[in-house]
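In the working numbering, the protein residues as written are 33 to 393. Following: one structure in structure tokens, then a few remarks.
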Ligand code: SAM
Ligand code: DTB
Ligand code: SF4
């Protein structure tokens with residue numbers, strides 16, 4: 033029998049056991065984690081560029097060490113998305129199929145009834161998701177929207193699954209109303225660097241995004257914030273985006289890293305250079321190093337990724353995925369395909385009890 037240690041760290045004195053077991057998962061002692069990295073909020077752009085510039089193997093090794101110091105290895109959290117109000121958005125985000133500015137074939141729908149949303153959450157939970165994320169194509173929600181969504185949050189929360197919402201810009205009062213309804217996470221992405229942001233969206237500013245993130249934080253909601261890779265941005269933009277996220281007053285609890293899903297009709301699909309897969313993996317690795325405690329989510333774009341690329345993303349420190357056949361309006365790998373990949377890799381899907389025990393992130 034192997035010794036079961038409660039800490040992820042092995043004793044430094046004496047002979048280490050052949051295996052270290054943590055939370056029921058045993059790993060060779062040679063894979064023991066290095067000490068937890070301190071949390072920093074003062075990253076500079078040159079420092080982060082230097083992380084990106086490391087030899088690929090060194091970067092992945094570094095990221096995996098940070099990962100193992102802060103997280104249970106070989107475990108992935110699964111979130112399911114539902115578009116509760118689709119299409120007709122007045123914003124002009126150049127990547128988004130739901131903007132009224134682009135002809136993408138996405139129909140404009142009214143907000144879903146509460147009971148239908150709760151049914152979908154129940155199905156997601158039964159399929160193994162531990163977080164249910166409700167997305168709405170809003171610039172910002174109106175009072176009546178918040179009332180209806182608060183009811184959804186109350187009923188979905190009562191199922192015992194974590195809740196997340198992404199509804200566009202929020203006032204401080206709205207953030208408090210969502211918190212009072214029992215919301216756990218609010219997703220609001222910075223998407224890119226401040227300078228590249230201006231090139232992809234003209235109807236709001238980067239500061240608007242940061243203001244909503246402040247409102248969410250101040251309401252004691254957990255922040256989910258990340259961005260998109262593959263919009264034609266440079267590595268400097270990707271580094272800038274991660275510096276913005278890491279230098280927030282608190283690191284986001286979840287950091288979704290999306291690969292652009294190029295949807296016909298959106299400006300970015302017109303002439304988008306497909307991003308190099310290894311550069312995408314580097315972005316995940318740097319996110320893991322800068323924000324050690326966060327859940328880094330391998331988000332949109334997985335349908336177009338090989339198993340090998342997703343595996344490298346997990347090795348780089350991704351420990352969360354969107355799970356279920358659909359994202360908001362576009363596809364995601366089938367549940368069976370995801371289960372088969374996780375089985376092959378011997379990665380466990382985090383259970384609700386493990387999510388609850390983790391408490392944060
Ligand atoms: N309207 C709200 C907002 O913009 O915050 C919430 C929904 S919006 C669809 C949520 C996020 O999805 C965006 O911030 C963006 O990062 C991501 N997203 C949207 N379209 C995408 C695409 N085609 N490919 C990858 N990510 C996308
Ligand atoms: C996030 O970062 N990615 C998700 C979620 N947060 C809301 C959305 C991805 C959307 C991909 C395009 C679509 O399905 O419409
Ligand atoms: Fe609207 Fe959000 Fe899409 Fe932008 S990303 S167009 S705000 S739904």
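The beta-carbon is built from N, C-alpha and C at its ideal position, and this holds for glycine as well. In this text, all values refer to a predicted model and were calculated from it rather than measured experimentally.
Using 7 Å as the threshold, is the C-beta distance between residue 353 and residue 316 below it? Translated into positions along the chain shown, residue 353 becomes position 321. Translated into positions along the chain shown, residue 316 becomes position 284. It is not a contact, given that the beta carbons lie outside the stated cut-off.
Taking all protein chains shown into account, do 16 or more other C-beta atoms lie within 10 angstroms of the C-beta of residue 250, making it buried, or fewer, making it exposed? Taking the first residue of the chain shown as position 1, residue 250 is located at position 218. In the assembly as shown, residue 250 is an exposed residue. Its beta-carbon has fewer than 16 other beta-carbons within 10 Å.
Three-state secondary structure assigned by DSSP to residue 217: Working through the chain shown from its first residue, we reach residue 217 at position 185. Residue 217 sits in a strand when the DSSP states are folded into three classes.
For residue 183, three-class secondary structure by DSSP: Start at 1 with the first residue of the chain shown, and residue 183 comes out as number 151. Correct three-state label for residue 183: helix.
Kindly indicate the opening and closing residues of the beta strand (DSSP E) around residue 194. For this step, residue 194 is matched to residue 162 along the chain shown. From DSSP, the beta strand (DSSP E) with residue 194 extends over 194–198.
8 Å contact criterion, which residue 330 and residue 301 should meet: CB distance rounded: One-based indexing of the chain shown puts residue 330 at position 298. One-based indexing of the chain shown puts residue 301 at position 269. No, residue 330 and residue 301 are not in contact; Cβ-Cβ is about 21 Å, not under 8 Å.
Give me the Cα-Cα distance between residue 375 and residue 357, rounded to the nearest whole angstrom. For the purposes of this step, residue 375 is taken as the residue at position 343 of the chain shown. For the purposes of this step, residue 357 is taken as the residue at position 325 of the chain shown. Looking at the two C-alpha atoms, the distance is approximately 18 Å.
Distance between residue 234 and residue 291 (C-alpha atoms, nearest Å): Indexing the chain shown from 1 puts residue 291 at position 259. Indexing the chain shown from 1 puts residue 234 at position 202. Cα to Cα, residue 291 sits roughly 21 Å from residue 234.
Same chain only: Cβ atoms within 6 Å of residue 185, ignoring 5 sequence neighbours per side: Numbered from 1 along the chain shown, position 153 holds the residue referred to as residue 185. Cβ within range, chain order: 195, 213, 214, 215.
Under a three-way DSSP split, which group does residue 384 fall into? Translated into the one-based positions of the chain shown, residue 384 becomes position 352. Helix, per DSSP.
Integer-rounded CB distance, given that residue 265 should sit under 8 Å from residue 228: Within the chain shown, the letter at position 196 stands for residue 228. Within the chain shown, the letter at position 233 stands for residue 265. Contact flag correct, Cβ pair sits at about 5 Å.
DSSP-derived helix/strand/coil call for residue 39: Walking along the chain shown from the start, residue 39 turns up at place 7. At residue 39, the pLDDT of 33 sits below 50, so the modelled position is not reliable and the matter cannot be decided from this model.
So is the beta-carbon of residue 137 under 6 Å away from any non-hydrogen atom of ligand 2? Taking the first residue of the chain shown as position 1, residue 137 is located at position 105. Flag unset: Cβ of residue 137 not near ligand 2.
Quick check: the Cα distance between residue 155 and residue 162, rounded to an integer number of angstroms? By one-based count along the chain shown, residue 155 stands at place 123. By one-based count along the chain shown, residue 162 stands at place 130. Between residue 155 and residue 162, the C-alpha separation is close to 11 Å.
For ligand 3, which residues have a Cβ under 5 Å from at least one heavy atom, in chain order? 121, 123, 125, 128, 130, 131, 169
Outcome for residue 281 when other beta-carbon atoms lying within 10 angstroms are tallied against a minimum of 16: Position 249 of the chain shown holds residue 281. It counts as exposed.
Spatial neighbours of residue 287 within its chain, please: C-beta separation below 8 Å, excluding the five flanking residues on both sides. Start at 1 with the first residue of the chain shown, and residue 287 comes out as number 255. For residue 287, where only same-chain residues beyond five positions count, the Cβ hits under 8 Å are 256, 257, 258, 277, 319, 323, 326, 327, 328, 329.
How many angstroms separate the CA atom of residue 377 from the CA atom of residue 385? By one-based count along the chain shown, residue 377 stands at place 345. By one-based count along the chain shown, residue 385 stands at place 353. Just so you know, the alpha carbons of residue 377 and residue 385 end up roughly 22 Å apart.
Sequence-distant residues of the same chain with beta carbon closer than 6 Å to residue 345, five excluded per side: Residue mapping note: residue 345 aligns to position 313 of the chain shown, counting from 1. Closer than 6 Å at Cβ, skipping near neighbours: 313, 316, 330.
Could you give the residue range of the alpha helix (DSSP H) that holds residue 167? Counted from its first residue, the chain shown places residue 167 at position 135. Per DSSP, residue 167 belongs to no alpha helix (DSSP H); it is in the beta strand (DSSP E), 163–168.
When 224, 133, 200 are compared against residue 218, the one with the closest alpha-carbon: Translated into positions along the chain shown, residue 218 becomes position 186. Of the candidates 224, 133, 200, the one whose C-alpha sits nearest the C-alpha of residue 218 is 200.
Residue environment, residue 338, which counts as buried when at least 16 other CB atoms sit within 10 Å: The sequence position of residue 338 within the chain shown is 306, counting from 1. By the neighbour-count rule (16 or more Cβ atoms within 10 Å), residue 338 is not buried but exposed.
Going by DSSP, what residues sit across from residue 318 in a beta bridge? The residue labelled residue 318 in the question sits at position 286 within the chain shown. Residue pairing of residue 318 in beta bridges, as defined by DSSP: absent, with no partner found.
Best match in 100, 123, 140, 125 for proximity to residue 116 [C-alpha to C-alpha]: Taking the chain shown and counting its residues from 1, the one referred to as residue 116 is at position 84. Nearest of 100, 123, 140, 125 to residue 116, Cα basis: 140.
Taking residue 372 as the reference, which of 362, 355, 305 has the closest Cα? In the chain shown, counting from the first residue as 1, residue 372 sits at position 340. Checked all of 362, 355, 305; the closest Cα to residue 372 is 355.
Would you call residue 359 buried or exposed, if buried means 16 or more other Cβ atoms sit within 10 Å of its Cβ? Within the chain shown, numbered from 1, the residue matching residue 359 stands at position 327. Per the 10 Å Cβ criterion, buried.
Mark residue 248 as exposed unless 16 or more other C-beta atoms lie within 10 angstroms of its C-beta, in which case mark it buried. For the purposes of this step, residue 248 is taken as the residue at position 216 of the chain shown. Residue 248 is buried by the Cβ-count criterion.
Compare the Cα-Cα distances from residue 273 to each of 244, 253, 311, 224 and report the closest residue. Against the chain shown, residue 273 aligns to sequence position 241. It is 224 whose Cα lies nearest to the Cα of residue 273.
In whole angstroms, what is the alpha-carbon distance linking residue 303 and residue 85? Counted from its first residue, the chain shown places residue 303 at position 271. Counted from its first residue, the chain shown places residue 85 at position 53. Computed Cα separation, rounded: 27 Å.
Residue span of the alpha helix (DSSP H) that contains residue 250, given as start and end: Position 218 of the chain shown, counting from 1, holds the residue named residue 250. Here the alpha helix (DSSP H) through residue 250 covers 238–250.
Kindly indicate the opening and closing residues of the alpha helix (DSSP H) around residue 230. Counted from its first residue, the chain shown places residue 230 at position 198. Residues 226–232.
Shortest alpha-carbon distance to residue 246 belongs to which of 268, 263, 207? Taking the chain shown and counting its residues from 1, one reaches residue 246 at position 214. For residue 246, the nearest C-alpha among the options comes from 207.
Can you give me the C-alpha to C-alpha distance between residue 340 and residue 180, rounded to a whole angstrom? By one-based count along the chain shown, residue 340 stands at place 308. By one-based count along the chain shown, residue 180 stands at place 148. Rounded to whole angstroms, residue 340 to residue 180 spans 42 Å at the Cα level.
Compute the Euclidean distance between the alpha carbons of residue 123 and residue 150, then round it to the nearest angstrom. As a working note, residue 123 is residue 91 in the chain shown. As a working note, residue 150 is residue 118 in the chain shown. One C-alpha to the other measures close to 28 Å.
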